[in-house]
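Novice: Following UniProt numbering, the numbering of the sequence shown begins with 1 at its first residue and continues without gaps.
Just so you know, even glycine gets a beta-carbon here, dropped at the ideal spot from N, CA and C.
What follows is a structure written as structure tokens; I'll ask about it next.
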Amino acid sequence: MASRLLLLSPLILLLLISASRSTSDSNPTNGFCSVEDDAELSSSSGRILIKQGTVVNAHHMEVADVYIEDGIIVSVRPNIVVGDDVKVIDAAGKYVMPGGIDPHAHLEMDFMGTVTIDDFYTGQAAALAGGTTMHIDFVNPSNGTLSSGFASYKVKAEKSVMDYGFHMVITKWDDAISEEMELMVKENGINSFKFFMAYKGSVMINDELLLQGLEKCKSLGALAMVHAENGDGVVVGQRRMIDLGITGPEGHALSRPPVLVGTDHCTFNSTQKSLGYGDFRKIPNGVNGIEERMHLIWDTMVESGKITASDYVRITSTECAKIFNIYPRKGAILEGSDADVIVLNPNASFRISAISHHSRSDTNVYEGRTGKGKVEVTISGGRVVWEDENLKVTAGSGKYIKMPPFGYLFNGIDQADARYLASLNAHVLR
Ligand SMILES: *[C@@H]1O[C@H](CO)[C@@H](O)[C@H](O)[C@H]1NC(C)=O
Ligand SMILES: *[C@@H]1O[C@H](CO)[C@@H](O)[C@H](O)[C@H]1NC(C)=O
Ligand SMILES: *[C@@H]1O[C@H](CO)[C@@H](O)[C@H](O)[C@H]1NC(C)=O
Ligand SMILES: [Zn+2]
Numbered sequence: 001m002a003s004r005l006l007l008l009s010p011l012i013l014l015l016l017i018s019a020s021r022s023t024s025d026s027n028p029t030n031g032f033c034s035v036e037d038d039a040e041l042s043s044s045s046g047r048i049l050i051k052q053g054t055v056v057n058a059h060h061m062e063v064a065d066v067y068i069e070d071g072i073i074v075s076v077r078p079n080i081v082v083g084d085d086v087k088v089i090d091a092a093g094k095y096v097m098p099g100g101i102d103p104h105a106h107l108e109m110d111f112m113g114t115v116t117i118d119d120f121y122t123g124q125a126a127a128l129a130g131g132t133t134m135h136i137d138f139v140n141p142s143n144g145t146l147s148s149g150f151a152s153y154k155v156k157a158e159k160s161v162m163d164y165g166f167h168m169v170i171t172k173w174d175d176a177i178s179e180e181m182e183l184m185v186k187e188n189g190i191n192s193f194k195f196f197m198a199y200k201g202s203v204m205i206n207d208e209l210l211l212q213g214l215e216k217c218k219s220l221g222a223l224a225m226v227h228a229e230n231g232d233g234v235v236v237g238q239r240r241m242i243d244l245g246i247t248g249p250e251g252h253a254l255s256r257p258p259v260l261v262g263t264d265h266c267t268f269n270s271t272q273k274s275l276g277y278g279d280f281r282k283i284p285n286g287v288n289g290i291e292e293r294m295h296l297i298w299d300t301m302v303e304s305g306k307i308t309a310s311d312y313v314r315i316t317s318t319e320c321a322k323i324f325n326i327y328p329r330k331g332a333i334l335e336g337s338d339a340d341v342i343v344l345n346p347n348a349s350f351r352i353s354a355i356s357h358h359s360r361s362d363t364n365v366y367e368g369r370t371g372k373g374k375v376e377v378t379i380s381g382g383r384v385v386w387e388d389e390n391l392k393v394t395a396g397s398g399k400y401i402k403m404p405p406f407g408y409l410f411n412g413i414d415q416a417d418a419r420y421l422a423s424l425n426a427h428v429l430r
């Protein structure tokens, strides 16, 4: 099959899986109440100078100042001199990096009889507190059409507090859907489609339709993403667990083949999870992660010495921006890039808890996890939205980012196809 499959962020998924899993059910309060609307921010937010930090890009690291004006990075060089009306952030001894891009989150999603607890306001506010400045959500079709699904997600996103993009989920296949895919790519800024080989009876499609979908994606220059589990196998596995009397949440993992299954920010609170009391098949699947991702990856990978700060920027931001064809507007600290910037103090520590997090959920799968490296400042679209442990976000300030087709993964795809076809003509001796 010549079309390319893209399995998102295996590293992130691994991290999410390997992190400790415990929940706190005793603390219904959370940090959400500290989120506030603050329209006055704009006065001080137009011009910002980040001084003397180590500016980290995927390809390069240097000590420099970063000057921001009207949402754009205007200048990156040492010793920038500015007037008194500019907000100055001292970043000496700290890292100045592009904000994270989370390519996989589900905010305000209808799923398994309920709706994820974080919407575009609380989920994105949580993201900003954790150093992520853009996320890409998954639009589910509604009323059988992609356009109607797209329209309903645009409404959900009206309260967004940071930039966002969309992937589109394909749950069935016919000529009308095929035409709509084209419209989504050409007019609506969607350049990726997701196909499910699992969730039989809801979003799962069969292999024949999957292959047609992959061909269509290729012709449109769009990425195909596949949730690659055997849906029929999962149903048989689930049945077996229930027959054995295993009805608790462990049945979810036991009913799958013994491989790591990814997860993503798709949060349900303890009341919602209890929908599956006595039958794990009815527990809405998903856990938090949008706020924790940047800290966990820094601590697990950079602090431990496995990767460099530049690698960190590449895997949390730059590569995603390149794959989804929005680099260098996103994913870089360069002149002309969007001012989505974080300042991380490598000497400060973090501690994750449902008491202090910004998700609306009453539990956190990483409860009690501590580590080194703390996002102390987040700048989103040129506004300081996270500083001194305070979130100041404005509903509606996030922009929809259109993502054009034919990203760099398509480079050379025609030549690769030609080579493959030529190889089929190899002379067979009879
Ligand atoms: C963090 O520690 C390093 C090594 O001791 C030091 O060079 C750096 O200035 C410190 N940064 C901050 C912000 O304290
Ligand atoms: C689906 O169709 C129904 C009936 O026409 C309508 O009330 C509803 O708003 C539609 N949903 C969406 C998301 O467009
Ligand atoms: C979980 O969310 C639901 C829906 O918003 C709400 O009714 C319920 O009280 C919440 N439960 C907890 C423990 O916060
Ligand atoms: Zn997902």
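(1) So what does DSSP say about residue 64, is it helix, strand or coil?
(2) Using a threshold of 7 angstroms, is the CB atom of residue 324 nearer than that to any non-hydrogen atom of ligand 4?
(3) Does DSSP put residue 188 in a helix, in a strand, or in coil?
(4) Who sits around ligand 1, taking every residue whose Cβ is closer than 7 angstroms to one of its heavy atoms?
(5) DSSP three-state call for residue 173: helix, strand or coil?
(6) For residue 164, count neighbouring Cβ atoms within 10 angstroms of its own Cβ and tell me buried if that reaches 16, exposed if not.
(7) Any heavy atom of ligand 3 closer than 7 angstroms to the beta-carbon of residue 353?
(8) Count the C-beta pairs between the stretch 221 to 239 and the stretch 188 to 199 that are closer than 8 angstroms, then say yes if the count reaches three, no if not.
(9) Pick helix, strand or coil for residue 156, following the three-state DSSP scheme.
(10) If we count the other Cβ atoms within 10 Å of its Cβ and call it buried at 16 or more, is residue 425 buried or exposed?
(11) Going by CA-CA distance only, name the one from 274, 305, 270 and 302 that's closest to residue 288.
(12) Would you kindly work out how many angstroms separate the C-alpha atoms of residue 412 and residue 419, rounded to a whole number?
(13) With C-beta atoms as the reference, is residue 433 less than 8 angstroms away from residue 333?
(14) Where DSSP assigns a beta bridge to residue 89, which residues make up the other side?
(15) Three or more C-beta pairs under 8 angstroms: does that hold for the stretch 203 to 212 against the stretch 240 to 257?
(16) On the DSSP bridge list, what partners appear for residue 69?
(17) Taking 6 angstroms as the limit between beta carbons, can you name the residues of its chain near residue 140, skipping five residues before and five after?
(18) When we look at the beta-carbon of residue 295 and count the other beta-carbons within 10 Å, is it buried (16 or more) or exposed?
(19) Take residue 120 as the anchor and find which of 135, 171 and 373 has the nearest alpha-carbon.
(20) Using the Cα positions of residue 39 and residue 160, report the straight-line distance between them to the nearest angstrom.
(21) Tell me where the beta strand (DSSP E) around residue 335 begins and ends.
(22) Is it buried or exposed for residue 146, if we count other Cβ within 10 angstroms and need 16 for buried?
(23) Measure the C-alpha to C-alpha separation of residue 183 and residue 137 and round it to an integer number of angstroms.
(24) State whether the stretch 303 to 312 contacts the stretch 47 to 59, with contact taken as three or more CB pairs (one from each stretch) at a distance under 8 angstroms.
(25) Smallest Cα separation from residue 104: which of 316, 347, 207 and 188?
(26) Please state whether DSSP places residue 163 in a helix, a strand or coil.
(27) Check this for me: beta carbons of residue 268 and residue 286, under 8 angstroms apart or not?
(28) So is the beta-carbon of residue 283 under 7 angstroms away from any non-hydrogen atom of ligand 3?
(29) Near residue 46, what residues of its chain come up, given a Cβ to Cβ distance below 8 angstroms and the 5 sequence neighbours on each side ignored?
(30) Count the other C-beta atoms from every protein chain shown that fall within 10 angstroms of the C-beta of residue 468, then say buried if there are 16 or more, exposed otherwise.
(31) Taking the alpha carbon of residue 393 as the reference point, which residue from 128, 112, 240 and 299 has its own alpha carbon closest?
(32) Less than 8 angstroms between the beta carbons of residue 403 and residue 123, yes or no?
(33) Mapping the DSSP letters down to three states, classify residue 391 as helix, strand or coil.
(34) Under 8 angstroms Cβ to Cβ from residue 144, same chain only, skipping five residues before and after it: list those, please.
(35) For residue 345, which beta-bridge partners are listed by DSSP?
(36) What do you reckon, are the CB atoms on residue 80 and residue 65 nearer than 8 angstroms?
Specialist: Concretely, from the data shown:
(1) DSSP places residue 64 in strand when its eight states are reduced to three.
(2) No, since every heavy atom of ligand 4 falls outside the 7 angstroms radius drawn around the Cβ of residue 324.
(3) DSSP, read as helix, strand or coil, puts residue 188 in helix.
(4) Those residues placing their Cβ nearer than 7 angstroms to any heavy atom of ligand 1 are, following chain order, 92, 93, 94, 345, 346 and 347.
(5) Three-state DSSP puts residue 173 in coil, outside helix and strand.
(6) With 16 or more Cβ atoms within 10 Å of its Cβ, residue 164 is classed as buried.
(7) No, since every heavy atom of ligand 3 falls outside the 7 angstroms radius drawn around the Cβ of residue 353.
(8) Taking a contact to require three or more Cβ pairs closer than 8 angstroms, the stretch 221 to 239 and the stretch 188 to 199 qualify as touching.
(9) Note: residue 156 maps to helix in three-state DSSP.
(10) So residue 425 ends up on the exposed side.
(11) Out of 274, 305, 270 and 302, 270 has the C-alpha closest to the C-alpha of residue 288.
(12) Each residue's alpha carbon lies about 11 angstroms from the other.
(13) Here the chain comprises residues numbered 1 to 430, so residue 433 is not present and cannot be evaluated.
(14) Beta-bridge pairing links residue 89 to 50.
(15) Contact fails between the stretch 203 to 212 and the stretch 240 to 257, because fewer than three Cβ pairs, one in each stretch, are under 8 angstroms apart.
(16) Bridge partners of residue 69: 47 and 72.
(17) Same-chain partners within the cutoff: 149 and 169.
(18) With 16 or more Cβ atoms within 10 Å of its Cβ, residue 295 is classed as buried.
(19) It is 135.
(20) Any reading at residue 39 must be qualified, since the residue scores a pLDDT of 39, below 50, and its modelled position is unreliable; no value is offered.
(21) If you look at residue 335, you'll find it isn't in any beta strand (DSSP E); DSSP assigns it neither H nor E.
(22) By the neighbour-count definition (other C-beta atoms within 10 Å, threshold 16), residue 146 is a buried residue.
(23) Those two C-alpha atoms are separated by around 18 angstroms.
(24) With the cut-off at 8 angstroms, the stretch 303 to 312 and the stretch 47 to 59 touch.
(25) The option with the nearest alpha carbon to residue 104 is 316.
(26) If DSSP states are grouped into helix, strand and coil, residue 163 belongs with the strands.
(27) Yes.
(28) When distances are taken from the beta-carbon of residue 283 to the heavy atoms of ligand 3, even the shortest one reaches 7 angstroms or more.
(29) Its chain contains 69, 70 and 382 as the residues whose beta carbon lies nearer than 8 angstroms to that of residue 46, once the 5 sequence neighbours on both sides are disregarded; these appear in chain order.
(30) For the chain, the structure presents residues 1 to 430; residue 468 sits outside this window and is missing.
(31) By alpha-carbon distance to residue 393, the top candidate from 128, 112, 240 and 299 is 128.
(32) Result no, Cβ atoms of residue 403 and residue 123 do not sit closer than 8 angstroms.
(33) Shown here, residue 391 sits in a strand according to DSSP, grouped into three states.
(34) Listed in chain order, the non-local C-beta contacts of residue 144 below 8 angstroms within the same chain comprise 172, local neighbours out to five positions each way being set aside.
(35) Beta-bridge partners of residue 345 (DSSP): 374.
(36) Taking 8 angstroms as the cut-off, the beta carbon of residue 80 is found closer than this to the beta carbon of residue 65.
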